[in-house]
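Colleague: Residue numbers (numbering that gives the first Met the number 0), protein chains in the order written: chain A, 0 to 542; chain B, 0 to 249.
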Amino acid sequence: MSVRFGLRQLTALMSIVFGLAAHGQGMAKGPGELAWAIRYDPTTFDPAKVDEQVSEELRFLTGGVLIRLNRRTQQPEPELAANWKVSPDGRTISFHLREGLRFSDGSALTSRDVAWSLRRVLDPATAAPVADELLAPREVKVEAPDALTVKMLLPRRVIGIENVFDEIAIEPAERPSEGKVTSGPFTVADYKRGQYVSLRRNPNYWRHDAAGVKLPYLTGIRLDVLNNREKEVSLFQRGEYDLIDSLPPDYFGLLQKKNPSAALDLGASLNTEEMWFNQAPNAPLPDYERAWFQNKAFRIAVSQAVHRADLARIAYGGHATPAYGSVSPANRAWHNDSLRVPHEDVAAAAQLLAKAGFRRNGSSLVDAGGHAVKFSIVTNAGNAARMKIATLIQQDLAAIGMQVTVVTLDFPALIDRLMHKQDYEACLLGLTNVEPDPNTQMNMWLSSSPNHQWNPSEKTPATPWEAQIDKLMQEQATTPLQRDRKLAFDQVQQIVADQQPFIYLVHPNTLYALSPKLAGVQPSVFRSGLIWNIVNVRRQGQK
Amino acid sequence: MIVAACVIVMLPGASYYAQDREAIMSGANSHHWAGTDALGRDRGVRVAAAILLGLGGAAVAAAITTAIAAGVGALAAFSAPAVASILMLASDLFLSLPWLFLLMMVRSFLPLTTSPLHSAVVTFTILAALGWPACARAVYRGTLHLRSSEWMIQGRASGLRNTQLVRRHMLPHLLPLLIPQFLICVPAFIVAEANLGTLGLGIAEPLPSWGAMLLELDNSASLATSHWIYLPVVVLVLVLLLLESLTVEV
Chain A
0 MSVRFGLRQL TALMSIVFGL AAHGQGMAKG PGELAWAIRY DPTTFDPAKV
50 DEQVSEELRF LTGGVLIRLN RRTQQPEPEL AANWKVSPDG RTISFHLREG
100 LRFSDGSALT SRDVAWSLRR VLDPATAAPV ADELLAPREV KVEAPDALTV
150 KMLLPRRVIG IENVFDEIAI EPAERPSEGK VTSGPFTVAD YKRGQYVSLR
200 RNPNYWRHDA AGVKLPYLTG IRLDVLNNRE KEVSLFQRGE YDLIDSLPPD
250 YFGLLQKKNP SAALDLGASL NTEEMWFNQA PNAPLPDYER AWFQNKAFRI
300 AVSQAVHRAD LARIAYGGHA TPAYGSVSPA NRAWHNDSLR VPHEDVAAAA
350 QLLAKAGFRR NGSSLVDAGG HAVKFSIVTN AGNAARMKIA TLIQQDLAAI
400 GMQVTVVTLD FPALIDRLMH KQDYEACLLG LTNVEPDPNT QMNMWLSSSP
450 NHQWNPSEKT PATPWEAQID KLMQEQATTP LQRDRKLAFD QVQQIVADQQ
500 PFIYLVHPNT LYALSPKLAG VQPSVFRSGL IWNIVNVRRQ GQK
Chain B
0 MIVAACVIVM LPGASYYAQD REAIMSGANS HHWAGTDALG RDRGVRVAAA
50 ILLGLGGAAV AAAITTAIAA GVGALAAFSA PAVASILMLA SDLFLSLPWL
100 FLLMMVRSFL PLTTSPLHSA VVTFTILAAL GWPACARAVY RGTLHLRSSE
150 WMIQGRASGL RNTQLVRRHM LPHLLPLLIP QFLICVPAFI VAEANLGTLG
200 LGIAEPLPSW GAMLLELDNS ASLATSHWIY LPVVVLVLVL LLLESLTVEV
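Here you go:
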């Protein structure tokens, strides 16, 4: 087969190639302007419909909210609301707005706009994902008794209700503008699909610094749509980009070598990398295999045989923290500090397997029925660190006689196997935790949930310990006292550590790249960790 | 080169999969003369094993392809024109298949527990099964030409059957055509396997494949660590160059 290009086709092709290369990136930046990359086009500019990370970031930069969660302290702080009050029964929350608030177009912001924005989020027709966090959005009532007061009446208490308002942007009543008219620090000035989103400073934003200078300091932000890490890093090094909000570990050393202050490692993130065995009763696996995977001793032995420190050091270049439980130590509010976990010990793993009826036949392990212990670990193609983890585990498990094959699949094929066909043996994937609160993990721990990965959508809990997790998760979701919630969730962590349905491997560290020319950034391990206080960020030397 | 590769792989202590976890991405040293990869595996041994695996697999695949091509080509030339056109249509159809897409599909249909060695066998078998049509057309043309040559007409006139004709007269005359076809296929298959490997398909870890080793070069951060990272590329180019020049010689 030969493909021949005429000169004309060739020039056409070249112009396409260079046309792509020339867009957006490297455009001149004003002195008060920042630029960084977003990995894909936002699916929506409507702050009520945000359902993925990029549009969430845009809402963060443009939307004015009643309460902002301080990403450093994890405490709610007043934003458009000067103060708020939750009634003792937890069913009424009333906000008192700041005086003289204005939208970016100069019109006044009153309780009418706030009530309208809240009702819009609650309206089923909007299908706002955040509405679910209010538990029964249809029964929630919103009132605006005067120009500066707004009340929300809930059918029942919602734990951590303040956090919900961090995600609801206040828009002008009856005039939703997809970010063009906002009450937050920036407005959307321009958007070219596949190229960039350009934000301009909101001249009417309410905050001032201590010296009375209007915030934000920055005049604008340009977000380039760019899904190429290699290019992103090189543009950062050339000074075109001011930050990278999730730096791949391979590039950390490279940036650090050139400029030690540009690369930040904040330690363990909230995220986990874990592997699990398929325990679903309807999985198309031989019975003896399912019996291994449902055997607690088998899972613990695997967990004990994996050298997590090696995974962190080799697959992440040291920029990961070995993980033994479901909650990252970075999540100080919820981490169970007295968790008892299976220790790493290959000899103990071999003993445990022997006690459970497995025996060695030469270099390979066989079960009581004489079946050699062989299984595959599936993971998604294209994640270098995960591929390395899988290959390291392959060797670690060979030491106890298990023969592991590593299979990489493209994401749709992988999800199809995991969620629909349950046709896999073991899986290696990561979990991104956005919020520290265990309520956001309900869908993972409840045995009836389709996201209960090791055995999804159980009609009744398959094991007593899964029933116990169900009970404790419900308990922590309904108990008002923080101390009781923590007690319940501590027990969940202990059951998971005892049973190892998920074998936790590492917490990847939070890695950022940050231009040393910026001042005022307060990096945090929580989402939007580099830009959460964007209004206080300025370029050095900028007036 | 093959001998050198064999020696390197056979050396006591050489292992293409053993992970030296204390020496990740190291440069050349007394334990690993060409350094180690990102998992601490000896790069020299892996490259040597990849030479053997790639060359061996590609040679077997090329032999299968050439055999299929010879069979189809000769069959087409000796049968009725209708059969010949059907066979040629089939090979056209094969040529126009989106083979990369097909390969990806086949790989995802394989059972998950397919061992690394099986995955290598399957990869090269698929390459062989997809590689024959171009070659078959050349053989068909060549055979047609031979069939109408004078000595063949004489052979048929003296009462030889088709099978005898093919065995005694055709094959020896076709060899000058088949051998270059075989030699062309070998480097083509090596490159095809490398391409598949860079997509994460083809030969599975921990077996070394060109594609997976070339993938290391995809990352500017690792390029900065050691010059030995270029070894797989250099050796691959060298192998291909040698194979191509062999084709020219013949």
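Yeah, the Cβ is synthetic: ideal placement off N, Cα and C, and Gly gets one too. Since we're looking at a predicted model, the values are computed, not measured.
Have a look at Pro41 of chain A and Ser54 of chain A and give me their C-alpha separation to the nearest angstrom.
Modeller: 5 Å
Colleague: Do the stretch 237-253 of chain A and the stretch 482-492 of chain A make contact, defined as three or more Cβ pairs closer than 8 Å?
Modeller: no
Colleague: Using a Cβ-Cβ cut-off of 8 Å (strictly less than) and excluding sequence neighbours within five positions of Glu550 of chain A, which residues of its own chain qualify?
Modeller: Given that chain A is displayed from residue 0 to residue 542, the structure contains no residue 550 of chain A and the question cannot be resolved.
Colleague: If you reduce the DSSP assignment to three classes, tell me which class Leu173 of chain B lands in.
Modeller: helix
Colleague: Three-state secondary structure (DSSP) at Ser302 of chain A?
Modeller: helix
Colleague: What distance in whole Å lies between the Cβ atoms of Gln163 of chain B and Thr65 of chain B, which are believed to be in contact at a cut-off of 8 Å?
Modeller: In fact, because the Cβ distance is near 22 Å, the residues do not count as touching under 8 Å.
Colleague: Mind listing which residues of the stretch 213-246 of chain B have their C-beta closer than 8 Å to chain A's C-betas, in chain order?
Modeller: Asp217, Asn218, Ser219, Ala220, Ser221, Ala223
Colleague: Just the Cα atoms here: how many angstroms apart are Leu38 of chain B and Asn218 of chain B?
Modeller: Cα to Cα, Leu38 of chain B sits roughly 15 Å from Asn218 of chain B.
Colleague: Taking Cβ positions only, does Gln18 of chain B come closer than 7 Å to chain A?
Modeller: It does: the Cβ of Gln18 of chain B has a partner Cβ on chain A nearer than 7 Å.
Colleague: Are any of the Cβ atoms in chain A nearer than 7 Å to that of Leu111 of chain B?
Modeller: yes
Colleague: So what's Thr246 of chain B in DSSP terms, helix, strand or just coil?
Modeller: In the three-state DSSP reduction, Thr246 of chain B falls in the helix class (H, G or I).
Colleague: What separation, rounded to the nearest whole angstrom, lies between the Cα atoms of Val345 of chain A and His370 of chain A?
Modeller: 21 Å
Colleague: With a threshold of 7 Å between beta-carbons, can Asp344 of chain A be considered close to chain B, or not?
Modeller: no
Colleague: Could you please give the first and the last residue of the uninterrupted alpha helix (DSSP H) stretch that includes Tyr240 of chain A?
Modeller: Looking at the DSSP string, Tyr240 of chain A is not in any alpha helix (DSSP H), and its letter there is neither H nor E.
Colleague: Any Cβ of chain A within less than 7 Å of the Cβ of Leu92 of chain B?
Modeller: So no, Leu92 of chain B is outside the interface.
Colleague: So if DSSP puts Val505 of chain A in a beta bridge, which residue, or which two residues, is it bridged to?
Modeller: A:Glu272, A:Pro321
Colleague: Would you mind reading off the limits of the alpha helix (DSSP H) that contains Pro115 of chain B?
Modeller: Per DSSP, the unbroken alpha helix (DSSP H) holding Pro115 of chain B starts and ends at 115-146.
Colleague: Report yes if the C-beta distance between Ala119 of chain B and Ile1 of chain B is below 7 Å; otherwise report no.
Modeller: no
Colleague: Among A:Leu96, A:Ala389, A:Asn227, A:Arg526, whose alpha-carbon lies nearest the alpha-carbon of Glu272 of chain A?
Modeller: A:Ala389
Colleague: For a cutoff of 7 Å on Cβ pairs, would you count Val2 of chain A as touching chain B?
Modeller: Here Val2 of chain A scores only 37 on pLDDT, less than 50, and its place in the model is too uncertain to base an answer on.
Colleague: Tell me whether the beta-carbon of Gly519 of chain A lies closer than 7 Å to the beta-carbon of Val536 of chain A.
Modeller: yes
Colleague: If you compare alpha carbons, which of B:Ala187, B:Val46, B:Val82, B:Arg140 is closest to Ala127 of chain B?
Modeller: B:Ala187
Colleague: Name the two residues that bound the continuous alpha helix (DSSP H) containing Trp444 of chain A.
Modeller: Here the alpha helix (DSSP H) through Trp444 of chain A covers 441-444.
Colleague: Name, going along the chain, the residues of the stretch 194-207 of chain B whose beta-carbon falls closer than 9 Å to a beta-carbon of chain A.
Modeller: Leu198, Gly199, Leu200, Ala203, Glu204, Pro205
Colleague: Quick one: Cα of Ala474 of chain A to Cα of Trp115 of chain A, how far?
Modeller: Before going further, note that residue 474 of chain A is Glu rather than Ala in the sequence given. The alpha-carbon atoms of Glu474 of chain A and Trp115 of chain A are separated by roughly 34 Å.
Colleague: Note down, in chain order, all residues in the stretch 237-256 of chain A with a beta-carbon under 7 Å from any beta-carbon belonging to chain B.
Modeller: Asp249, Tyr250, Gly252, Leu253
Colleague: Mind pulling the chain B residues with CB within less than 8 Å of Ile299 of chain A?
Modeller: Identification of chain B residues near Ile299 of chain A by a Cβ-Cβ cut-off of 8 Å yields none; the smallest Cβ-Cβ distance measures about 23 Å.
Colleague: Are the Cβ atoms of Val180 of chain A and Ser103 of chain A separated by less than 7 Å?
Modeller: yes
Colleague: How far does the alpha helix (DSSP H) with Arg58 of chain A in it extend, from its first residue to its last?
Modeller: 52-61
Colleague: Ser114 of chain B versus chain A: which residues are under 9 Å apart at the beta carbon?
Modeller: Lys373, Gln402, Thr404
Colleague: Taking Cβ-Cβ distances shorter than 7 Å, what residues in chain B pair up with Thr390 of chain A?
Modeller: Leu38, Glu204, Pro205
Colleague: Report yes or no: is there a C-beta of chain A within less than 7 Å of the C-beta of Ile125 of chain B?
Modeller: no
Colleague: Could you list which residues in chain B have their beta carbon closer than 7 Å to that of Val377 of chain A, in chain order?
Modeller: Leu111
Colleague: Could you say which of B:His226, B:Met87, B:Gly56 lies nearest to Gly70 of chain B if we only look at CA atoms?
Modeller: That would be B:Met87, whose Cα lies nearest to the Cα of Gly70 of chain B.
Colleague: Under a Cβ-count criterion, where at least 16 other Cβ atoms within 10 Å of its own Cβ denotes burial, should Glu470 of chain A be classed as buried or exposed?
Modeller: Looking at the sequence shown, residue 470 of chain A is not Glu but Lys. Per the 10 Å Cβ criterion, exposed.
Colleague: Would you please verify whether the beta carbon of Ile502 of chain A is less than 7 Å from any beta carbon of chain B?
Modeller: no
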